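In UniProt numbering, the protein residues as written are 1 to 405. Built from N, CA and C at the ideal position, the CB exists for glycine as well. This structure is a prediction, so every number in the text was calculated from the model and none was measured. Here's the structure, in structure tokens; my notes come after.
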């Protein structure tokens, strides 16, 4: 049987442009991890050779999709002070690109000060008046820009979202990113953006490779028991089943979908560490993702003087939605994140990827994390100006560094 390669012949270079030199893999903290053969493939399903499930056509389509987004990230961007500040959640004051900062396109902010007036106008438009002040103001702005726009709107580039919320091994009093954390629960919820509905789910527990015994803290936090992970498949088999599930949903050669996470740790830390410890490369379709708390802040909370990024429970509170299920249950959290996405869809929000994962570099402050590059918002805005003039993408004008080169 041929050795397993989850992404087969999918090169990391399709995103980063040039082939990276091989580095010493002796350090546990290294993140420049190239595909390695599995020593034992006896537990891998026999259909693993169907490498065409995600073929070279997928890679070519994804390249074209990224160019359509206006992302010139075929080579990693040179690190700047602004990017460093932004990636560490301390954005400067919001700015507006000069090309879009015109009186006819930007509505004066003082029209949204009186919340009674905002609620009245929402009711008149037969829109929901539930949610925080930030939510209500943005909802009204979106609705009024749909009326204001006088030219056709480009269709949103995404057809589907796959919402993930991995649960991973953890230890009390040890901050994430300072040690290996392996996925122990792998949930996914598929959202059809056109019909604004959840259409499918994937769920599996995962047997960790290194942390064979879960800590009491981990079990108390996640509700996952030792017996559950002992009976579960290891990550390579789970990734193959996930790839089969993607194919069954018709997404194998369709790049009009994006991974959604509750932060960068899901992919850059949990999945990255798990792939490294299982000697498989990070699957190509995880390299481009939407950081939901960051995106939520861009859309709804750009007027917040504290610039605080809401977590999942905070986003639910802003939208006046109750938490359903158990917090830190992976599948329950993924469903709650999907409910947040559906609420944003109802407000007219158009979803876009926000970040790229670079497994050839490590985060400067969290050495076990792969480097995450934010997608250049200025080029993104320019590429989708029509759509953003009339829908929630307008709020991205207030994103940190939006007007900086």
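Under 7 Å Cβ to Cβ from residue i, same chain only, skipping five residues before and after it: list those, please.
i, result
"residue 309", "89, 293, 294, 297"
"residue 323", "313, 316, 336"
"residue 304", "134"
"residue 119", "129, 136"
Should residue i be labelled buried (16 or more other beta-carbon atoms within 10 Å of its own) or exposed?
i, result
"residue 203", "exposed"
"residue 173", "exposed"
"residue 338", "buried"
"residue 365", "exposed"
"residue 212", "exposed"
"residue 227", "exposed"
"residue 230", "exposed"
"residue 330", "buried"
"residue 325", "exposed"
"residue 217", "exposed"
"residue 187", "buried"
"residue 131", "buried"
Have a look at residue i and residue j and give me their C-alpha separation to the nearest angstrom.
i, j, result
"residue 286", "residue 126", "38 Å"
"residue 363", "residue 178", "11 Å"
"residue 272", "residue 115", "44 Å"
"residue 270", "residue 332", "18 Å"
"residue 311", "residue 124", "31 Å"
"residue 167", "residue 117", "43 Å"
"residue 45", "residue 240", "At residue 45 the pLDDT is 40, less than 50, meaning the model places this residue with poor confidence; the figure from the coordinates comes in the next sentence. When rounded, the distance between both Cα atoms is 8 Å."
"residue 348", "residue 243", "30 Å"
"residue 138", "residue 354", "20 Å"
"residue 247", "residue 175", "36 Å"
"residue 282", "residue 250", "21 Å"
"residue 141", "residue 238", "43 Å"
"residue 121", "residue 145", "14 Å"
"residue 327", "residue 201", "18 Å"
Give the single residue among the options whose Cα lies nearest to the Cα of residue i.
i, options, result
"residue 275", "373, 356, 180", "180"
"residue 341", "300, 368, 356", "300"
"residue 356", "374, 320, 347, 141", "374"
"residue 185", "348, 320, 232, 197", "232"
"residue 262", "290, 252, 244", "290"
"residue 359", "284, 320, 165", "284"
With a CB to CB cut of under 8 Å and the five nearest residues on each side skipped, what residues in its chain are close to residue i?
i, result
"residue 234", "43, 206, 207, 209, 278"
"residue 193", "156, 158, 159, 160, 161, 345, 351"
"residue 215", "169, 170, 171, 172"
"residue 143", "122, 125, 127, 348"
"residue 196", "342, 345, 346"
Can you list, in chain order, the residues of its chain with a C-beta nearer than 6 Å to that of residue i? Leave out the 5 residues immediately preceding and following it.
i, result
"residue 361", "371"
"residue 163", "189, 260, 334, 337, 338"
"residue 199", "190, 192"
"residue 369", "177, 268, 269, 363"
"residue 183", "166, 168, 206, 270, 274"
"residue 343", "319"
"residue 245", "202"
Is any heavy atom of the ligand SAM found at a distance shorter than 6 Å from the C-beta of residue i?
i, result
"residue 160", "Questions concerning the ligand SAM fall outside what the structure shown contains, since it holds no ligand whatsoever."
Exercise for review: Flag this pair as touching only if the stretch 253-268 and the stretch 218-227 have three or more C-beta atom pairs under 8 Å; answer yes or no.
Suggested key: Taking a cut-off of 8 Å on C-beta distances, the stretch 253-268 does not touch the stretch 218-227, as fewer than three cross pairs fall below it.
Practice item. Take every Cβ of the stretch 157-164, pair it with every Cβ of the stretch 242-262, and state whether three or more of those distances are shorter than 8 Å. Key: The stretch 157-164, when compared against the stretch 242-262, does touch it at the 8 Å Cβ threshold.
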